[in-house]
Every structure is written in C-alpha cells, then in structure tokens.
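Trainee: Its first residue numbered 1287, the sequence shown is counted upward by one per residue in this note's numbering.
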Amino acid sequence: MKISCDREKLLWAFQAVAAVAPPRSPKPILQNVKLDVADGGAATLSATDLEVSIRREVEGVEAEAPGSVLLPVVRFGAILRESSDTTFRIETDGSKTLVRGERSRFNLPSENPGEFPSVAAFDADAYYQAPTRLLKEMIRRTIFATDNESSRYALGGVKLEVTDEGRLIAVGTDGRRLAKMEGAIERVGDAPPVGDATIVPTRSLQLIDRTLVDEEAPTRLAVRANDAVFATPTATLSTRLLEGRYPRWRDVVPTRSESAKVELTVGPFFAAVRQAQIVTSDESRGVDFQFGEGTLVLEGQTAEVGESHIELPIGYDGNRIEIMLDPRFMVDFLKTLDAEQSFTLDLVDSDSAAVASTDDGYTYVLMPLARDRG
1287 MKISCDREKL
1297 LWAFQAVAAV
1307 APPRSPKPIL
1317 QNVKLDVADG
1327 GAATLSATDL
1337 EVSIRREVEG
1347 VEAEAPGSVL
1357 LPVVRFGAIL
1367 RESSDTTFRI
1377 ETDGSKTLVR
1387 GERSRFNLPS
1397 ENPGEFPSVA
1407 AFDADAYYQA
1417 PTRLLKEMIR
1427 RTIFATDNES
1437 SRYALGGVKL
1447 EVTDEGRLIA
1457 VGTDGRRLAK
1467 MEGAIERVGD
1477 APPVGDATIV
1487 PTRSLQLIDR
1497 TLVDEEAPTR
1507 LAVRANDAVF
1517 ATPTATLSTR
1527 LLEGRYPRWR
1537 DVVPTRSESA
1547 KVELTVGPFF
1557 AAVRQAQIVT
1567 SDESRGVDFQ
1577 FGEGTLVLEG
1587 QTAEVGESHI
1597 ELPIGYDGNR
1607 IEIMLDPRFM
1617 VDFLKTLDAE
1627 QSFTLDLVDS
1637 DSAAVASTDD
1647 GYTYVLMPLA
1657 RDRG
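Printed below as a string of structure tokens:
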C-alpha cells in the first residue's frame, strides 16, 4: 500500500475510531486501527474490542497503490498529534510501515492486516431511521441516569423501544431516578421490533455520540438478536447488547391528575440549586425544596459545613409543597437543557416522586429523600 493523505483529516478520523481500541488486551492486534484503501482513494478506518466496532471513512486520501495496513494506536496516534506537517505519505511492505511528512519520517513495525478481526458494515435492507441530531440528544439526556456500578447488569445501559406509532423511546435509570426521551423514527422495510432486549451499553452510547458527527444526515439503526448497528453516510458502529431484565419503567413514571404543576426556567433554577448544594456533603446530601406563595425556598444544612437558604421567585401560588431531593441528581437533569428553556415540575408531596418534563418529549423522574436523613 502507498498513499498520501491530509494529516489533520486523518487525525480527526483516527481519534474517533481509536477510542474503541482497548489500551490493554490479551490480543495485542486489537491495539491497532486498520486502514483500508481502495482504488481511487476511498479509505476506511476500523477498530474493535470485540464488543464494539467502528468503521469510519477518511477524506483527503490519494492512493498510488491500494491495500491495507495496521496502525498502532499509541505510536501512530502520537505521530499524528505531534506532527506539524500538512500531508503524510504512508507506505507498507507488510513487515514495516513508513510514515513521511514534509519534515519528518517514522518507521514502524507492522502486523498482518489479514489477521485483524472483521468489523461489521451496515448491510441491512430493513431498518429504522432517525435524525442524527435527535439520536445524539436522546443519548445525552438519558445516559447520565444509567448505573455502571450496579449488580443489575441491565442498568448499565439505555433501553431503546420503538412504538407502533413510530416513536423511538430511550430510557436510562439507576433505581433512584429515571430519564426518558422520545422522538419520531421512520421504519424502512420490514424492520424487526425493537423491544425488551434492546439495551445499549453506556460506553457504546458514548462512542456513538462521538462517532456519528453527520448531524444533518439521518442515522440508520438495525437491531439483531444480540447486537445493534448504527450508521450514517460516513460512519458505522456496531455494539453487543446488554443481557438481563430491564425494570418495568412505565410503572415508575406516574400519571397524575391531582398534582401541582410548577413552571420553571432552567437558568435561574439551576443557579439556585447550585447555591443550595454548596453546604451539602456525602453524608448529608439532601436539599429541602419548598414551593408556595410565589416563591421557591431551597435550604441545605450540614453540621460540619453550614447552612444555605436561597429564594427564587416563581409563578406558583398553590398549596405549599415541601420535598427533599438530591441536588446532584437535579443538576444532572438541568445540565442537559439550555438556560433559557422552561420545564414543568410535577409535584404531590414529600413522599411522591418529582417529575420534570419538557415540551420536546423529555421526562425525568426523581425519587425524594427521607426528610429525617437530611
């Protein structure tokens, strides 16, 4: 193989793909990124850890001789980052790889690309299709609520469902809070149902968010028995799905008619919560939220740290409601929204879940803390 390429374009694609390669592995060949170049210069980078695989097209490649090469993640990645050269010439004879810039040259040992595991391409005729921007927003608004430390394996990912009405639902929970977002999705062909077994690991979702950068193009999704494949025109990511039974999340999201609906703007509320949080600690993490008479009062108290009392004018004049919440969990929710955005906080009493919702399909359920725990 012998090619010339734009260093910055190769660096950008290489970093996205290399994120999946394991830093340590009993199979050292996995610590490489494979570069395949066809006649005409069509180039693809691929990497895998045998659980997640990524393929990504590379722009700015000209091929003198097509072929394949394995590029070591650590060494070749450092060459790309540290070099100031505009273009690189890369050639390999199967045993070593020569990388030359305008003012640099590196000679690296090379492994056999034929021994690299195959990386799945998107070849489904029947699949689902959703706007990439929507999918990335769904990931960002649910992934923080998952639990990778739990013995319940299924909680370490986001559950995806597709309804008969053509809605994609994403749910993340750790048992103390639940984040759900939904949006429109298109079914292409006779795509199989997406239901109880489709739990995508948190790490895979992080990689999807980083890899699928073609936000103006749709993302195709194909779900099989044990894995799922996401693809845009320039990138493909396949991931194994988590095993285990996911909680009955619909039982957690209450439907209430007798409750208080408090309209809040993210920016001012976020600032008040952060201020009240200052005096909390791991042992005393609760903040008391008091709604009534046009004012929200937030109070935190920790014996060793001190007390906080924050007031925020709000448009709620109903019966007084007090509820103790973990401000860290409220902050996680607020960080996913724009400061000028508004949301509705649905409240009943100190023993019932607080439910926040936006008008773009986002719901967040937060369980209260016992008041005697502070």
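The beta-carbon is built from N, C-alpha and C at its ideal position, and this holds for glycine as well. The structure displayed is predicted, hence computed values, not measured ones.
Give every residue of the same chain whose Cβ lies closer than 6 Å to the Cβ of residue 1339, excluding the five residues on either side of it in the sequence, and list them in chain order.
Mentor: Here the set comprises 1405, 1406, 1524.
Trainee: With a threshold of 7 Å on Cβ separation, who are the neighbours of residue 1282 within its own chain once the five nearest residues in sequence on each side are excluded?
Mentor: Because residue 1282 is not part of the residues shown, which for the chain are 1287 to 1660, the question remains open.
Trainee: Please go through the same chain and pick out, in chain order, the residues whose beta-carbon is closer than 6 Å to the beta-carbon of residue 1495, but skip the five residues on each side of it.
Mentor: 1422, 1425
Trainee: Using the rule of at least 16 other Cβ atoms within 10 Å of the residue's Cβ for burial, across every protein chain shown, is residue 1444 buried or exposed?
Mentor: buried
Trainee: Touching or not, the region 1597-1609 and the region 1550-1562, by the rule of three or more beta carbon pairs under 8 Å?
Mentor: Cβ pair count under 8 Å is three or more, so yes.
Trainee: Which runs of the alpha helix (DSSP H) spanning at least 4 residues fall entirely within the region 1484-1541, listed in chain order?
Mentor: Here the runs fully enclosed are 1488-1497.
Trainee: Assuming residue 1685 is part of the beta strand (DSSP E), what are its boundary residues?
Mentor: Only positions 1287 to 1660 of the chain appear in this structure, which leaves residue 1685 out of reach.
Trainee: Using CA atoms only, rank isn't needed, just tell me which of 1590, 1570, 1580, 1615 is closest to residue 1657.
Mentor: 1570
Trainee: How is residue 1559 classed by DSSP in three states: helix, strand or coil?
Mentor: When DSSP states are grouped into helix, strand and coil, residue 1559 belongs to the helix group.
Trainee: Any contact of the region 1637-1647 with the region 1585-1594, i.e. 3+ C-beta pairs under 8 Å?
Mentor: no
Trainee: Quickly, what does DSSP pair residue 1323 with across the bridge? List them, please.
Mentor: 1329, 1353
Trainee: Taking the DSSP output, what are the residues bridged to residue 1610?
Mentor: 1574
Trainee: Indicate whether the contact test is met: 3 or more Cβ pairs, each with one atom in the region 1477-1492 and one in the region 1389-1396, closer than 8 Å.
Mentor: no
Trainee: Measure the alpha-carbon distance for residue 1414 versus residue 1456 and round it to whole angstroms.
Mentor: Approximately 14 Å between the Cα atoms of the pair.
Trainee: Which same chain residues, not among the five before or five after residue 1301, have their C-beta less than 6 Å away from its C-beta?
Mentor: None.
Trainee: Measure the C-alpha to C-alpha separation of residue 1382 and residue 1435 and round it to an integer number of angstroms.
Mentor: One Cα belongs to residue 1382, the other to residue 1435, and the distance between them is close to 42 Å.
Trainee: Residues in its own chain within less than 6 Å of residue 1492 by CB, not counting five upstream and five downstream?
Mentor: none
Trainee: Going by DSSP in three states, residue 1362 sits in which element: helix, strand or coil?
Mentor: helix
Trainee: Residue 1602 by DSSP, collapsed to three states: which one?
Mentor: coil
Trainee: Which residues in the same chain as residue 1295 place their Cβ atom closer than 6 Å to its Cβ, once the five residues preceding and following it in sequence are excluded?
Mentor: 1345, 1346
Trainee: By DSSP, does residue 1653 sit in helix, in strand, or in coil?
Mentor: coil
Trainee: Given 8 Å as the limit, is there contact between the region 1319-1334 and the region 1352-1359, that is, 3 or more CB pairs closer than that?
Mentor: yes
Trainee: Which residues in the same chain have their Cβ closer than 7 Å to the Cβ of residue 1427, if we skip the five residues on either side of it in sequence?
Mentor: 1465, 1467, 1622, 1648
Trainee: List the endpoints of the continuous beta strand (DSSP E) containing residue 1377.
Mentor: 1373-1378
Trainee: So, helix, strand or coil for residue 1546, using DSSP?
Mentor: strand
Trainee: Taking residue 1426 as part of the beta strand (DSSP E), name the residues at either end of that continuous run.
Mentor: Taken as a continuous stretch (DSSP letters only), residue 1426 belongs to no beta strand (DSSP E), being part of the alpha helix (DSSP H) at 1418-1428.
Trainee: Have a look at residue 1310 and residue 1336 and give me their C-alpha separation to the nearest angstrom.
Mentor: 13 Å
Trainee: Taking the beta strand (DSSP E) that residue 1392 falls in, what are its first and last residues?
Mentor: 1391-1395
Trainee: Do residue 1509 and residue 1533 have their CB atoms nearer than 8 Å?
Mentor: no
Trainee: Leaving out the 5 sequence neighbours to the left and right, which residues in its chain are closer than 8 Å to residue 1581 when beta-carbon positions are compared?
Mentor: 1597, 1598, 1599, 1600
Trainee: Quick check: the Cα distance between residue 1416 and residue 1517, rounded to an integer number of angstroms?
Mentor: 11 Å
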